[in-house]
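Q:
Listed below in C-alpha cells is the structure:
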C-alpha cells in the first residue's frame with residue numbers, strides 16, 4: 138500500500154509540473170496514471 142501511495146504522489150507531482158510547463162499531453166497521461174494508482178489503492182483497501 139505504501140508503494141502505491143508513493144507512486145500516486147509521484148504521478149501527482151509530475152502532473153503539477155507538466156501543467157505548469159504547458160505540456161498538456163503529458164499532463165493528461167499523468168492524470169490517467171494517478172487514476173490507475175487511486176483505483177489500485179481502493180482495491181487493496183477493500184480486500
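Residue numbers (our numbering): 138 to 184. Glycine included, every Cβ here is placed at the ideal spot set by N, Cα and C.
1. Could you have a look at residue 150 and say whether DSSP puts it in helix, strand or coil?
2. Can you give the Cα-Cα distance for residue 144 and residue 156, rounded to whole angstroms?
3. With 16 other CB atoms within 10 Å as the buried threshold, where does residue 162 fall?
4. Which same chain residues, not among the five before or five after residue 175, have their C-beta less than 7 Å away from its C-beta?
A: The short version:
1. Along the chain shown, read from residue 1 onward, the residue named residue 150 stands at position 13. In the three-state scheme derived from DSSP, where H, G and I count as helix and E and B as strand, residue 150 is classed as helix.
2. Within the chain shown, the letter at position 7 stands for residue 144. Within the chain shown, the letter at position 19 stands for residue 156. Straight through space, the alpha carbons of residue 156 and residue 144 are spaced by roughly 18 Å.
3. If you number the chain shown from 1, residue 162 lands on position 25. Flag for residue 162 reads exposed.
4. On the chain shown, residue 175 is found 38 positions in, with the first residue counted as 1. Cβ neighbours of residue 175 beyond the five flanking positions: 145.
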